[in-house]
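Student: 83 is the number that the UniProt record's numbering gives to position 70 of the sequence shown; each next residue is one higher, with no gaps. Ideal placement from N, C-alpha and C gives every residue a C-beta, glycine not left out. A quick note: this is a predicted structure, and the numbers were derived from the prediction, not measured.
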Amino acid sequence: RPVLVWFRDDLRLADHPALHAAASAGTVAALYVLDPAQGGGAQMWWLHHSLDAFARDLARHGVRLILRRGRAGDIVPEVAKSVGAASVQAIVSPLPWLREADRGVGARLEVPLQLHVGGSLVDLSQVRAGSGRPYTVYSPFARAILKSGPPPAPLPVPVLRAAEVGAVASDQLDDWGLLPKRPDWAGGLRGMWTPGERGAAARLEAFLEDGLEGYDRARDMAGDENGTSHLSPHLRWGEISPRQVWHALGDRQGSDAQRFRAELLWRDFAANLLMQRPELPERALRAEFERLPWRRDAGALADWQRGRSGIPIVDAGMRQLWHTGWMHNRVRMIVASWLTKHLLIDWRGGAAWFLDTLVDGDLASNSANWQWVAGCGTEAQPFFRIFNPLTQARKFDADGAYVREWVPELAKLPDRWLHQPWAAPEAVLGAAGVRLGEDYPRPAIGLDEGRNRALAAFGRHVKGH
Ligand code: FAD
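Right, here's the structure in full:
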């Protein structure tokens with residue numbers, strides 16, 4: 014009998030436990046449902062191309078990907094019925110709306126819905142502290158996973174026998190309108206990314222060859238294009254599994270491999286947080302942060318979004334994000350800190366912009382990291398550790414290559430002034446062709462002034478400091 018695989022954020026053939034289970038139980042039918050809860054401009058661009066690649070990969074195995082738009086709770090049972098499925102197989106997701114959809118589908122299906130672990134390194138529901146509770150702090154969480162040995166080895170692509178689904182209705186991907194119309198803002202994305210399982214495998218291979226050696230140090234250098242793996246959007250869409258990435262490192266030891274594994278564990282940790290605290294995207298995990306007097310300043314938020322904040326390292330990051338759908342991790346921390354501390358703007362506004370513009374926009378990692386930077390997460394920087402964007406820029410973009418690439422109007426400034434044009438003498442600005450306030454803005458607030466304002470606001474409202 015046919016088995017229906019309901020694909021979600023796991024658009025791959027290899028290491029797919031749900032597909033594997035289906036293949037060993039019967040003939041295979043494949044479904045993807047676009048839910049109204051899904052969104053984010055750059056994410057939808059990625060999804061379009063990822064589904065396109067995935068449908069072709071499945072077709073090579075004779076399986077047609079059924080595409081449907083609407084509420085999964087209605088559609089999955091309907092499609093399961095029309096293919097005559099004996100069961101529905103899927104991979105566990107930490108996303109609150111998908112977990113709710115699982116409950117809805119489960120309640121309405123006449124056959125079993127079986128969920129498999131496959132989007133995380135380990136079964137997160139089993140990672141528990143001595144007290145039996147899930148972890149809320151990263152280090153013991155990571156230690157517990159490492160102690161239990163390597164995560165399970167990845168599964169190969171199974172042999173597939175296709176179910177007969179010719180009569181089942183399917184949408185045309187192009188009709189979903191996931192790609193930008195006018196203006197076409199996706200040129201930079203097309204230039205940088207190859208969505209799909211092969212694109213993911215190629216990224217991993219390139220990283221193992223050119224990036225892993227020296228990762229521990231280079232991962233913080235904003236302008237180092239090979240410094241990190243760029244696997245995040247592929248992991249986000251499940252075009253590659255974290256277990257595949259983990260096992261591709263083999264038994265390599267040393268600080269580079271250890272650090273890289275630690276980053277994969279941060280991804281699992283964020284998923285673990287979202288699973289136990291579904292309110293993570295909306296509410297500060299430390300309740301007292303809900304009393305903070307966030308400033309409502311639409312103008313400053315828009316300047317930050319458009320890369321016109323007046324802080325070169327911040328603007329470089331925000332423009333990299335807009336053009337490529339990705340931003341360097343160190344710079345994500347710097348721009349998030351500038352927004353939430355110096356500008357005192359609610360982290361949720363920044364997180365929403367990230368989710369709209371990142372190709373790797375992931376509700377778990379994004380929310381957990383924003384809460385971490387804003388200081389309101391379970392494992393947060395103490396609020397008084399406020400990033401100084403100038404010190405950060407000098408350290409992590411020491412030669413200025415990153416700022417010069419993304420903020421070309423400042424490119425002729427000498428290194429000494431590049432990261433702080435507001436402090437440069439008029440003659441230096443003139444020689445570099447920069448008219449401050451015209452070609453490039455002045456920051457909305459001074460570094461010290463912003464820092465003191467944040468300290469005062471946080472200090473009044475946050476307990477224990
Ligand atoms: P690498 O350094 O090569 O790391 C390998 C993988 O480890 C990444 O692909 C990612 O899956 C995981 N990883 C690395 N750092 C983190 C981290 N801090 N938290 C969770 N997982 C991590 N990452 C997302 O995938 N989606 C997001 O929406 C997202 N939003 C973020 C928002 C803020 C404010 C900050 C500070 C970080 C955010 N991150 C997010 C984490 C991190 O910046 C990206 O995962 C990383 O930059 C991706 O680049 P890479 O694949 O080259 O990373």
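May I ask you to verify whether the segment 372-380 touches the segment 235-251, counting CB pairs closer than 8 Å and requiring at least 3?
Tutor: Yes, since at least three Cβ pairs between the segment 372-380 and the segment 235-251 fall closer than 8 Å, the two stretches touch.
Student: Compute the beta-carbon to beta-carbon distance between GLN60 and LEU191, rounded to the nearest angstrom, for a pair I have assumed lies under 8 Å.
Tutor: In the sequence as presented, Gln is not what sits at residue 60; that position holds Leu. Contact holds; Cβ gap of about 6 Å.
Student: Name the two residues that bound the continuous beta strand (DSSP E) containing TRP19.
Tutor: Here the beta strand (DSSP E) through TRP19 covers 15-20.
Student: Can you grab the Cα-Cα spacing for the pair TRP307 / LEU293, in whole Å?
Tutor: Those two C-alpha atoms are separated by around 18 Å.
Student: Is TYR453 helix, strand or coil by DSSP?
Tutor: TYR453 falls in the strand class under three-state DSSP.
Student: How is VAL41 classed by DSSP in three states: helix, strand or coil?
Tutor: In the structure shown, VAL41 sits in a strand (DSSP, three-state: E or B).
Student: Who are the near neighbours of PRO255 in its chain, counting only those whose CB is closer than 6 Å to its CB and skipping five residues on each side?
Tutor: Cβ within range, chain order: LEU134, LEU277.
Student: My output table needs one value for ILE253: the three-state DSSP class, helix, strand or coil.
Tutor: Three-state result, ILE253: coil.
Student: Could you spell out the range, first to last residue, of the beta strand (DSSP E) harbouring residue 479?
Tutor: This structure leaves residue 479 out entirely; the chain is present only between 14 and 478.
Student: Kindly provide the ranges of any alpha helix (DSSP H) runs that are 4 or more residues long and lie completely inside the segment 413-456, ordered along the chain.
Tutor: Runs of the alpha helix (DSSP H) inside the segment 413-456: 414-419, 428-431, 439-444.
Student: Give me the pocket residues for the ligand FAD, defined as CB within less than 6 Å of any heavy atom, sorted by chain position.
Tutor: Qualifying residues come out as ARG232, THR241, SER242, HIS243, LEU244, SER245, LEU248, ARG249, GLU276, LEU277, TRP279, ARG280, ALA283, ASN342, ARG345, MET346, ALA349, PHE367, LEU371, ASP373, GLY374, ASP375, SER378, ASN379, ASN382, TRP383, VAL386.
Student: Relative to the alpha-carbon of GLY75, which residue among LEU217, VAL178, ARG156 has its alpha-carbon at the smallest distance?
Tutor: If we check each option's Cα against that of GLY75, VAL178 comes out closest.
Student: Can you pull the DSSP bridge partners for GLN79?
Tutor: It should be noted that the sequence gives Ile, not Gln, for residue 79. Partner(s): LEU44.
Student: Taking only three categories from DSSP, how would you classify GLN102?
Tutor: The answer is strand: DSSP assigns GLN102 an E or B state.
Student: Identify, in the order they occur along the chain, each residue of the same chain with its Cβ nearer than 8 Å to the Cβ of HIS478, setting aside the five sequence neighbours on each side.
Tutor: Here HIS478 scores only 48 on pLDDT, less than 50, and its place in the model should not be relied on; the value that follows carries that caveat. PRO395, PHE396, PHE397, PHE471, GLY472, listed in sequence order.
Student: Rounded to the nearest angstrom, what separates ARG232 and ALA175 at their Cα positions?
Tutor: C-alpha separation (whole angstroms): 43 Å.
Student: Which one of GLY54, ALA157, LYS354, GLY312 has the shortest CA to CA distance from PRO196?
Tutor: If we check each option's Cα against that of PRO196, GLY54 comes out closest.
Student: Please state if the CB of TRP250 and the CB of SER63 are separated by a distance shorter than 7 Å.
Tutor: In contact: SER63 and TRP250 (Cβ atoms closer than 7 Å).
Student: Going by beta carbon distance, what residues of the same chain come within less than 7 Å of LEU403, once the five residues before and after it are set aside?
Tutor: Correct list, in chain order: HIS432, GLN433, LEU460.
Student: Hey, VAL92 and VAL150 are a contact pair by Cβ (cut 8 Å); roughly how many whole angstroms apart?
Tutor: VAL92 to VAL150, Cβ: 42 Å. No contact.
Student: Would GLY83 and ILE104 qualify as a contact pair, given that the criterion is a beta-carbon distance under 7 Å?
Tutor: Cβ atoms of GLY83 and ILE104: not closer than 7 Å.
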